[in-house]
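For reference, the structure discussed in these notes is given below.
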Amino acid sequence: MLSTEEIMKIDHEIALVPIRKAACIEALKIVQNNRGWISDESIHAIAAHMDMSAEELDSVATFYNLIFRKPVGRNIILLCDSISCYVMGYEKIYEHLQTRLHIKFGETTPDARFTLLPNPCLGTCDHAPALMINDDLYRDLTTDKLDDILKEYK
Amino acid sequence: METPLTQHININRPSLNLKDYVRVGGYQAVHRAITMSPQEITKMVQESDLKGRGGAGFNTGIKWSFVPMNDNAQTKYLVANADEMEPGTFKDRLLLEGNPHQLIEGMIVSAYAIQANISYVFLRWAYKKAARLIRQAINEAYAAGYLGKNILGTGFNLEMHLHTGIGRYMCGEETALLNALEGKRATPRTKPPFPQVSGLFGKPTIVNNVETLCNIPHIVNNGADWFKSLSPGADAGTKLYGVSGKVNKTGLWELPMNTTMRQLIEEHAGGMKNGYKFKGALPGGASTDFLVEEHLDIKMDYKSVAAAGSRLGTGTMIILDDHTCPVGFVHNLEHFFAQESCGWCTPCREGLPWTEKILLSIENGEGRPEDLELLRMHTKFLGPGNTFCALAPGAMEPLQSGLKYFSEDFEKHINEKRCPWR
Amino acid sequence: MAAIYIDGKAYEVTPGKNLLETCLTLGFNLPYFCWHPAMGSVGACRQCAIKLFKDEQDTNGRLVMSCMESVRDNMYLSVNDPIAKAFRSQVIEWLMTNHPHDCAVCDEGGSCHLQDMTVMTGHTYRRFQYKKRTYKNQYLGPFINHEMNRCIQCYRCVRFYKDYAGGKDLDVFAAHDHVYFGRAQDGILENEFSGNLAEVCPTGVFTDKTLKEHYTRKWDMTMAPSICQHCSLGCNIIAGERYGELRQITNRFNGEVNGYFICDRGRFGYEFVNSINRIQQPLIRSKIPDATDKQSLYNHLTETLSNNKVIGIGSPRASLESNFALMQLVGKENFYQGISENEAQLMRTVLSTVNSGHIHTPTLKETESADAVLILGEDLTNSAPRLALALRQAVQKKPFENAQQINIPSWHDAALREFAQQEKGALFIAYPTQTKLDEIASDSRYISPDDIARLGFAIANYLNNTAPALGDMDDDTLTLARHIADILKKAERPLIICGTSLCSEAILKAASNIAFALGTEDKKASLCFVVPECNSMGLAMMQAPSLNRAAEVLKKGEADTVIIVENDLYRRGAKKDIDSFFNHCKQLIVLDHLHNDTTNQANVLIPVGTFAEADGTIVNNEGRAQCFFQVFMPKNENLRESWRWLDEFRQFKNGVSREDLTTPDDLMAEMVELMPQFKGAETVAPPADFRIAGQKIPREPHRYSGRTAMLANINVSEPKPPEDPDSALSYTMEGYKGMPPAPLIPFYWAPGWNSVQSLNKYQAEVGGPLHGGDPGKRLFPENAVTENAFLNNISPAFKPSPGEWLLVPLPHIFGSEELSIYTPGIAQRSPRPYIAINKHDAANLNISENDIMQMQIKDQYYYDLPAKINDELPNGLAGIPFNIPGLGGIDWPATGILTKAAI
């Protein structure tokens with residue numbers, strides 16, 4: 092079931108496009124923002140609201156990198172693993188994250204505090220290596236900086 | 241030296257709001273444009289020789305001229321491609337965060353030129369700050385009557401919406417972007433039919449890169465000749481050039497289009513970091529061919545870079561230094577491309593993971609001599625026209641040139657059964 | 005015509021097609037996967053690459069995907085260019101990086117397009133050294149097996165299922181080399197055309213699950229051209245047998261009928277042939293033991309038939325031959341159609357319209373091209389499924405035609421859909437409740453049968469004011485009628501569809517009037533009638549009286565003995581009426597293949613062959629006579645065609661000796677002679693003595709294996725194979741190996757093309773008609789033969805009468821048809837008995853969903869049924885699933901009294 096607020100936001104997006112289904116990506120984002128991830132139940136609820144089948148919606152949802160079809164932690168770390176960050180040593184950052192959090196790419200800490208995901212290019216290559224946690228961008232990373240950054244996220 | 245695109249950008253200060261933007265001459269191009277016919281604007285842009293700054297380098301005015309202009313009742317769309325996701329590319333971020341009104345103004349003029357009534361900014365999800373600023377700027381523009389119904393009393397209407405993506409490199413390809421805007425999987429479409437006749441929701445559509453659109457107000461304000469005069473070389477206008485990698489001062493600069501690679505690296509980026517040597521560079525993002533030492537003095541314009549065997553692409557250079565393994569470098573790129581393949585056509589879907597696996601095995605010291613032949617086969621058969629879109633051919637550019645310029649390094653991995661850099 | 009040059013040779017070809025189709029038509033073996041002749045091009049697989057040169061001088065050229073290039077004049081091409089060949093081989097190698105090497109245990113093996121294309125391109129050596137990706141498979145229901153590891157991502161499945169057939173529950177998930185084709189969760193594929201996935205899929209991802217239950221390789225099957233027996237459309241099928249068991253039905257291309265696709269009822273409904281419920285031996289129930297042999301049966305019957313007053317009851321599911329043989333046995337005046345008077349009257353109305361010559365009866369193929377469609381009173385997905393699939397294409401026609409304005413070629417499927425988006429052509433539906441086609445309809449109205457007819461009459465009257473008018477028309481009906489009429493009038497290829505489902509003669513007449521009013525001298529309007537069963541049209545054309553007349557004759561004592569051929573009368577009327585019918589008959593002789601309530605009443609019961617063990621001709625809804633051929637000779641020699649038994653009875657009765665028996669061709673000739681309305685039916689297929697180079701057409705592929713071994717448990721020396729004196733087909737692998745005439749194609753095979761895709765080779769032009777023309781003979785007159793007179797049958801608008809409900813029969817694709825229900829998967833998909841009423845009626849009766857209601861049909865039975873509450877049904881109507889198990893024995897049309905059942 093979608094909440095009244097979710098429906099309101101989705102309907103706003105629907106009003107902006109000529110074909111109802113065209114707002115389905117917005118709808119996924121709205122629900123994910125609200126719930127953290129997109130469960131099968133959410134897929135069915137959104138699909139019903141969008142006049143789509145679960146398959147049609149999930150086909151879209153599973154195509155994109157940042158629609159989470161599995162539960163994620165409270166904070167999502169997106170570590171850039173693309174070329175400039177590779178040159179500037181993102182692998183060290185990754186190793187450090189693994190040591191600190193005991194998780195690899197695609198995993199969530201047992202306390203659900205962090206989910207760690209690789210991410211292609213954050214568009215800040217002049218300040219590589221970089222990562223985002225939730226909506227916050229961190230650049231020119233060093234392992235020392237990283238420890239302080241992680242502390243900010245509970 | 242004029243820097244029209246970045247003249248009002250100061251990254252240490254907030255971007256200009258509408259009032260301040262107008263004070264420095266903003267939205268003059270809209271006022272000017274509405275005194276002209278759409279065809280006149282298109283002609284002017286065509287004459288200015290503004291080439292698409294997204295990477296393809298096609299004349300923007302000519303691109304617009306394919307939009308049917310005979311049916312005024314028809315819905316048409318303009319889309320700003322702000323899905324900057326080419327690895328190593330960070331130029332549009334500056335324009336989006338630094339001066340969002342410049343983009344909006346460019347979009348209004350462009351929409352007027354093709355008589356589009358609905359426009360979208362297709363923005364990369366990661367650009368959170370840009371999203372906030374653009375949303376704010378769009379609202380301001382509506383309030384000031386630059387967007388909405390009957391703009392400046394001309395009878396011209398334009399709606400503008402911000403759409404933020406959810407992550408897929410493919411969305412940067414204009415037809416895949418249209419599918420994403422339609423709420424579909426971002427697989428590309430064939431051309432023809434071109435988006436100009438059958439684009440978003442099947443209607444005539446223009447998709448332009450942010451940097452391209454940001455140039456439009458300046459061309460309209462100052463004329464085609466002025467724009468051409470910005471660069472003494474083969475191409476017109478300024479270009480945002482970037483350098484990332486092991487240089488002293490990574491960054492982004494608006495420069496005339498006759499700047500050489502050497503100037504970029506040595507003057508603007510302050511040269512290689514101490515202890516690092518220049519080994520090669522991808523001149524315009526991940527999907528461009530390596531250029532090496534011998535190319536340092538070529539001019540960074542479309543033609544010269546092409547003549548050197550690469551592409552200007554986005555104009556943001558990634559430098560390969562002597563401490564970085566070229567095999568690992570290329571593997572990183574192919575991993576990216578394999579992951580970002582949409583899965584539609586066979587060569588890309590199956591070929592890229594294969595090259596990725598080969599490169600990884602070479603990097604891990606498990607490569608075989610015949611692997612190089614297999615890699616070369618892929619560079620040949622994943623070429624333009626053989627795949628559905630340009631993703632795989634782009635992916636092959638660094639690989640083919642890597643094999644050409646760094647073949648010794650590849651062979652060394654195979655012969656020594658290890659990565660010499662590890 | 006355009007001149008193109010392929011590898012230096014000039015060809016004259018049709019412009020506007022794509023290069024792939026053109027090359028295939030020219031006979032080039034060009035591999036492909038994602039392109040499909042009915043679904044067009046999308047350019048995904050990159051398999052069909054060829055070289056295109058700028059001009060004659062150009063020696064470099066560039067690779068192009070032939071499926072994505074329009075044929076133009078003066079094209080210089082090379083199929084055999086080394087780079088093109090290497091690239092095609094490379095594409096296969098890419099596909100093979102992940103494709104499992106499991107051909108030996110794959111159901112597709114031996115009829116696999118991927119195997120064929122792999123061999124064709126010459127890819128042999130595997131250079132990919134890494135792990136293959138693997139997937140989990142899904143449970144997709146009783147019809148389709150899923151094996152995702154084999155997937156080569158050609159996207160044909162989703163394109164067929166979603167885009168072509170309107171399915172919702174199959175899609176592509178994820179991206180890059182992880183794309184997955186399946187459902188959101190395990191579960192039954194809902195679409196009625198899911199079985200086509202087994203043919204559309206170029207490899208073994210989607211395969212026929214019913215075949216898996218008794219698996220046989222294609223090359224090991226004995227196959228024959230056949231006609232689907234499960235609705236009136238007459239889709240062409242290929243039926244395959246091994247070890248005396250019918251194992252598989254596949255589509256048989258007929259460009260004018262089903263094209264490339266059939267519905268799931270047609271594909272999977274064959275298992276009644278293998279049912280344990282088959283009648284195996286003649287029974288004379290007055291004797292002990294009742295099972296008897298042929299000779300005793302002949303003796304018994306000769307006596308019965310000579311001494312008694314005999315009438316014959318034909319059947320709409322029996323062939324023309326069987327009905328005719330019965331008619332000849334009992335005499336024309338003693339032959340009755342085995343259908344109710346009401347149905348017989350409906351069929352007379354249908355026939356009078358089609359025979360008027362004032363309308364055009366469209367082929368199924370033609371219905372796909374309609375640009376405005378009106379459906380009156382049919383739920384086509386359930387009553388004539390393949391026609392519903394055709395209409396899904398029809399609604400795309402107009403928007404796709406618009407795409408020509410921006411030069412999108414008609415084969416360019418992806419571009420057409422991107423351009424057309426959700427645009428649809430005009431489709432109007434009037435039916436008492438929701439139908440699946442509503443989702444693509446411009447407008448759907450849920451109204452009673454009488455109101456459907458009235459809407460039709462109103463449209464006709466608006467189109468031509470000499471057509472009878474509604475005396476009292478409300479504004480809504482008038483507005484709607486005018487709107488529909490205007491659209492039909494403007495359309496270039498309007499199509500009216502109606503049928504017998506709602507048992508309303510008024511609807512048929514109203515539809516006829518619309519077609520009469522719409523048509524002109526030069527351009528007759530298309531009117532398509534959907535009729536109940538596979539040979540309803542053929543039976544009706546015999547113009548015999550109905551079952552009710554037969555009952556009267558029995559009651560009056562004018563007859564005492566009845567022969568019924570392939571007909572369960574309990575499906576034809578009220579149980580008590582049929583009981584009474586049997587009570588009046590002294591001797592009941594029944595010929596049928598499965599035990600049922602009617603065979604239970606028989607004094608003499610004679611087993612007969614199903615369509616798989618019989619030759620025969622049936623006439624589909626468009627008046628097309630088509631032949632089905634015996635697939636195999638059953639071991640049980642009692643399983644013979646009804647017509648063979650009946651004709652023998654006649655001849656023995658007339659003193660003809662065994663060796664002078666006539667042939668089936670003679671029987672058909674006799675029929676045409678006596679009933680000229682069937683003229684042409686005798687020419688549907690080449691006669692039994694037809695030979696090519698002195699040879700018959702083999703039913704078995706030349707790789708048929710094991711025939712010396714398969715009966716070794718009985719006799720080590722190979723027995724003589726059965727002979728087929730009835731047709732030009734042989735029961736062996738020996739015979740003519742070349743192209744058979746279209747009506748006699750037992751299977752598709754061409755050198756290098758083992759899968760169903762070899763069909764290309766059988767077509768004069770790829771996607772076009774078969775060599776020599778598509779089979780079947782249309783029997784309806786095309787020229788005007790009668791005065792064009794409007795029909796009048798306007799009833800007053802429907803008003804619910806208090807306490808009484810009009811019961812409307814709702815057909816179900818799975819469940820309503822008598823024979824297909826024997827397939828376990830179809831029984832599984834069949835609804836349980838229910839009664840549908842609308843929510844207001846439900847509220848008035850204090851009924852909630854699934855509450856048990858008692859339905860008392862006047863003078864008939866009562867039924868306790870769970871309620872299904874429905875938003876659409878008009879007040880005063882109740883929907884009853886038509887003839888599903890447990891709900892037979894209703895005399896339609898019916899009214900009933902509904903009450904909440906006491907607990």
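For the record, the sequence lines run as chains A, B and C.
Using this note's numbering, the first residue of the first sequence is number 92, and each one after it goes up by one.
Using this note's numbering, the first residue of the second sequence is number 241, and each one after it goes up by one.
Using this note's numbering, the first residue of the third sequence is number 5, and each one after it goes up by one.
Beta carbons are placed, not taken as given, at the ideal position from N, Cα and C, and that holds for glycine.
- List in chain order: all unbroken beta strand (DSSP E) runs of 3+ residues lying wholly within the segment 29-108 of chain C. 53-57, 66-69 and 79-82
- Please go through the same chain and pick out, in chain order, the residues whose beta-carbon is closer than 7 Å to the beta-carbon of L169 of chain A, but skip the five residues on each side of it. L208, N210, L222 and M223
- Item | Of the listed residues C:V608, C:P35 and C:D454, nearest to I283 of chain C (C-alpha basis) | For I283 of chain C, the nearest C-alpha among the options comes from C:V608.
- Run through DSSP, which three-state label would N156 of chain A get? coil
- Using a beta-carbon distance below 9 Å, is I137 of chain A in contact with chain C? False, the Cβ-Cβ gap to chain C never drops below 9 Å.
- Should E590 of chain B be labelled buried (16 or more other beta-carbon atoms within 10 Å of its own) or exposed? buried
- Please state whether DSSP places E242 of chain B in a helix, a strand or coil. coil
- Item | Proximal chain A residues relative to Y367 of chain B, where beta-carbon distance stays under 8 Å | Chain A residues near Y367 of chain B: G214.
- Item | Any C-beta of chain C under 9 Å from that of P633 of chain B | Between P633 of chain B and chain C, the shortest Cβ-Cβ separation is not below 9 Å.
- Using a Cβ-Cβ cut-off of 9 Å, state whether P327 of chain B counts as contacting chain A. Chain A, which has a Cβ nearer than 9 Å to the Cβ of P327 of chain B, makes this yes.
- Message: I'd like to know whether the C-beta atoms of L27 of chain C and S93 of chain C end up nearer to each other than 9 Å.
- Response: In the sequence as displayed, the identity of residue 27 of chain C is Cys instead of Leu. In this structure, S93 of chain C does not lie closer than 9 Å to C27 of chain C by Cβ.
- Item | 8 Å contact criterion, which L318 of chain B and M347 of chain B should meet: CB distance rounded | 6 Å between Cβ atoms; contact.
- Message: Residues of chain C with CB closer than 8 Å to the CB of Q579 of chain B, please, in chain order.
- Response: H180
- For P638 of chain B and F239 of chain B, believed in contact at Cβ under 8 Å, the rounded distance: Past the boundaries of the shown model lies residue 239 of chain B; chain B is included only from 241 to 662, so the question cannot be answered.
- Report the neighbours of Y409 of chain B on chain A: residues whose CB is nearer than 7 Å to its CB, in chain order. P211
- Query: Residues of chain C with CB under 8 Å from E590 of chain B, in chain order?
  - Reply: Taking a Cβ-Cβ threshold of 8 Å, the residues of chain C close to E590 of chain B are W98, L99, T101, N102 and D181, in chain order.
- Alpha-carbon spacing of A381 of chain B relative to L387 of chain B, whole angstroms: 6 Å
- Query: Since I505 of chain B and V487 of chain B are thought to touch, with beta carbons under 8 Å apart, how far apart are those beta carbons, to the nearest angstrom?
  - Reply: 6 Å
- Task: Please go through the same chain and pick out, in chain order, the residues whose beta-carbon is closer than 7 Å to the beta-carbon of G180 of chain A, but skip the five residues on each side of it.
- Result: P220
- Just how far apart, CA to CA, sit D383 of chain C and Q133 of chain C? 54 Å
- Task: Work out the CA separation of Q233 of chain C and T687 of chain C for me, nearest whole Å.
- Result: 21 Å
- Task: Give every residue of the same chain whose Cβ lies closer than 8 Å to the Cβ of E97 of chain C, excluding the five residues on either side of it in the sequence, and list them in chain order.
- Result: Taken in chain order, the residues that qualify are H127, R130, R131 and F132.
- Less than 9 Å separating the beta-carbons of N626 of chain B and A90 of chain C? no
- Chain-order list of residues whose beta-carbon lies under 6 Å from that of D85 of chain C (same chain, five-residue window excluded): K55
- Message: For a contact defined as C-beta to C-beta under 7 Å, what are the partners of P109 of chain A on chain B?
- Response: Going along chain B in sequence order, the residues near P109 of chain A (Cβ under 7 Å) are F441.
- Compare the C-beta of C267 of chain C with all C-beta atoms of chain B and state if any pair is closer than 9 Å. no
- Item | Length at least 4, wholly inside the segment 784-851 of chain C: the alpha helix (DSSP H) runs in chain order | 828-833 and 843-848
- I158 of chain A touches chain C at which residues, Cβ-Cβ below 7 Å? Going along chain C, no residue has its Cβ under 7 Å from I158 of chain A, so there is no contact; the nearest lies around 11 Å.
- Task: Return the residue from the list B:A464, B:P587 and B:I538 that minimises the CA-CA distance to A521 of chain B.
- Result: B:I538
- Query: Which residues of chain A have a Cβ atom closer than 8 Å to the Cβ of I406 of chain B, listed in chain order?
  - Reply: Going along chain A in sequence order, the residues near I406 of chain B (Cβ under 8 Å) are I116, L119, K120, Y155, N156, L157 and I158.
- Message: Please state the DSSP three-state secondary structure of Q858 of chain C.
- Response: strand
- Task: Whole angstroms is fine: what's the gap from P889 of chain C's alpha carbon to Q605 of chain C's?
- Result: Taking the straight line from one Cα to the other gives about 19 Å.
- Message: For A366 of chain B and L592 of chain B, I'd like the C-alpha separation in whole angstroms.
- Response: A direct Cα-Cα distance of roughly 25 Å separates A366 of chain B from L592 of chain B.
- Task: Report yes if the C-beta distance between R833 of chain C and I192 of chain C is below 9 Å; otherwise report no.
- Result: yes
- Check whether the Cβ atoms of G186 of chain C and C116 of chain C sit closer than 9 Å, and answer yes or no. No.
- Task: Helix, strand or coil for A376 of chain C, going by three-state DSSP, please let me know.
- Result: strand
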